[in-house]
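Asks: So the protein lines, in turn, are chains A and B. Anchor point for the first sequence: position 52 equals 52 in my numbering, and the numbering is continuous, going up by one each time. For my numbering, add 121 to where a residue sits in the second sequence, where the first one is 1.
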Amino acid sequence: EVQLVESGGGLVKPGGSLRLSCAASGFTFNSHNMNWVRQAPGKGLEWVSSISSSSTYIYDADSVKGRFTISRDNTKNSLYLQMNSLRVEDTAVYYCARGEGLTTATPIDYWGQGTLVTVSA
Amino acid sequence: DIQMTQSPSSLSASVGDRVTITCRASQTISTYLNWYLQKPGKAPKLLIYAASNLQSGVPSRFSGSGSGTDFTLTISSLQPEDFATYYCQQSYSTPLTFGGGTKVEIK
């Protein structure tokens with residue numbers, strides 16, 4: 001069974017940093033691109049960042065470029081999101097999500113339960 | 122960036138109704154179009170991928186069609202568990218983008 005379990009969310013002040021982690025199991029982690037998708041309270045889904053299976057290709061939304069860094073460790077079956085210079089508008093549930101294939105041109109077929117990040121003074 | 126526009130943004134329907142949701146892309150995306158269902162407080166779930174392919178385990182009352190810029194999700198006979206918010210998403214190019222969502226409510 002595919003499982004994606006996020007951790008690392010919490011309350012942080014504007015300008016602060018957080019590192020989200022996602023532990024993956026139940027599938028061959030290094031055969032899939034991985035994504036972070038977020039959802040602000042009461043709002044729709046917003047793609048944040050993607051990383052290819054071997055970390056060769058990384059893509060970020062303009063809204064987080066230069067502030068957030070996606071990475072993965074295939075030896076630990078783990079995905080990460082380092083979030084720096086956090087803003088109030090980054091407040092959201094952050095989902096770790098598996099791409100069906102090697103590239104971002106495939107659907108997101110599994111999602112974690114999400115971890116809440118709240119940025120507030 | 123490719124903009125995805127869903128309509129309607131919400132609808133009220135009864136159990137057994139046929140429901141259609143549309144999604145329009147701001148430029149051609151071939152069939153790189155996926156549909157998700159999300160219930161309150163839960164993660165999204167993939168329903169349809171590549172415009173018309175039913176994800177494993179998804180009931181056959183769900184179907185998708187379209188190519189290029191115009192796409193449709195159809196629920197042939199709405200069931201109680203289908204009341205949720207539906208999102209389309211293009212995987213043609215980054216940034217990956219989602220439609221604004223369609224909330225399906227009980228009439």
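The beta carbon of each residue, even a glycine, is placed where N, CA and C say it ideally should be. Given the structure is predicted, the values throughout are model-derived calculations rather than measurements.
Can you pull the chain A neighbours of T218/B, defined as C-beta to C-beta under 8 angstroms?
Replies: Within chain A, the residues near T218/B are W47.
Asks: Three-state secondary structure (DSSP) at S198/B?
Replies: Of the three classes helix, strand and coil, the one that applies to S198/B here is coil, per DSSP.
Asks: If the cut is a Cβ gap below 7 angstroms, which residues of chain A does L167/B touch?
Replies: Neighbours of L167/B on chain A, chain order: P107, I108, D109.
Asks: For Q82/A and V117/A, what's the separation of their Cα atoms in angstroms?
Replies: Their Cα atoms are separated by approximately 12 angstroms.
Asks: Let me see if you follow: with CB-CB separation under 8 angstroms, is S52/A close to chain B or not?
Replies: Not an interface residue.
Asks: Closer than 7 angstroms by C-beta to P14/A: which residues in its own chain qualify, once you throw out the five before and the five after it? Chain order, please.
Replies: Excluding residues within five positions, the ones whose Cβ falls inside 7 angstroms are L86, R87, V88, V119, A121.
Asks: Let me know if I227/B comes out buried or exposed under the rule of 16 or more other beta-carbons within 10 Å of its beta-carbon.
Replies: Classification of I227/B: exposed, given that the 10 Å Cβ count is below 16.
Asks: Go ahead and pull the three-state DSSP assignment for D60/A.
Replies: D60/A: strand per DSSP, three-state reduction.
Asks: Return no unless some Cβ of chain B is closer than 8 angstroms to the Cβ of G114/A.
Replies: Yes - at least one Cβ of chain B is within 8 angstroms of the one on G114/A.
Asks: By the three-class DSSP mapping on this structure, what secondary structure does S173/B have?
Replies: Coil at S173/B, not helix or strand.
Asks: Tell me, to the nearest whole angstrom, how far the beta carbon of C144/B is from that of L154/B; I am working on the premise that it is less than 8 angstroms.
Replies: That belief holds up - the Cβ atoms of C144/B and L154/B are roughly 7 angstroms apart, short of 8 angstroms.
Asks: Tell me where the beta strand (DSSP E) around E46/A begins and ends.
Replies: First-last of the beta strand (DSSP E) with E46/A: 45-51.
Asks: Does the beta-carbon of R72/A have 16 or more other beta-carbons within 10 angstroms, so that it is buried, or is it exposed?
Replies: Buried, because 16 or more other Cβ atoms sit within 10 Å of the Cβ of R72/A.
Asks: Rounded to whole angstroms, what's the CA-CA distance from L167/B to S197/B? Just pull it up for me.
Replies: L167/B and S197/B: Cα-Cα distance of roughly 18 angstroms.
Asks: With DSSP as the reference, label D155/A as helix, strand or coil.
Replies: Look at the range of chain A in this structure, 1 to 121, and you will see that residue 155/A is not part of it.
Asks: Taking its Cβ as the centre, do 16 or more other Cβ atoms sit within 10 Å of G162/B, making it buried, or is it exposed?
Replies: Label assigned to G162/B: exposed.
Asks: Verify whether the separation of the beta carbon atoms of T69/A and V93/A is less than 8 angstroms.
Replies: The answer is no: Cβ separation not under 8 angstroms.
Asks: Please say whether V136/B and L199/B have beta carbons closer to each other than 8 angstroms?
Replies: Contact flag set, yes.
Asks: The beta strand (DSSP E) spanning K224/B covers which residue range?
Replies: Note, K224/B: beta strand (DSSP E), 223-227.
Asks: Does the pairing of the stretch 99-114 of chain A with the stretch 179-193 of chain B give three or more beta-carbon distances under 8 angstroms?
Replies: The stretch 99-114 of chain A, when compared against the stretch 179-193 of chain B, does not touch it at the 8 angstroms Cβ threshold.
Asks: How many whole angstroms separate the CB atoms of S53/A and N33/A, which I take to be in contact at a CB cut-off of 8 angstroms?
Replies: Contact holds; Cβ gap of about 6 angstroms.
Asks: Residues of chain B with CB under 7 angstroms from G44/A, in chain order?
Replies: Correct list: Y208, F219, G221, G222.
Asks: Whose CA, out of I108/A, P107/A, R98/A, lies closest to the CA of V5/A?
Replies: Looking at the Cα atoms, R98/A is the closest of the given residues.
Asks: Apart from the five residues on each side of it in sequence, which residues of its chain come closer than 6 angstroms, Cβ to Cβ, to Q3/A?
Replies: Hits under 6 angstroms: S25, G26.
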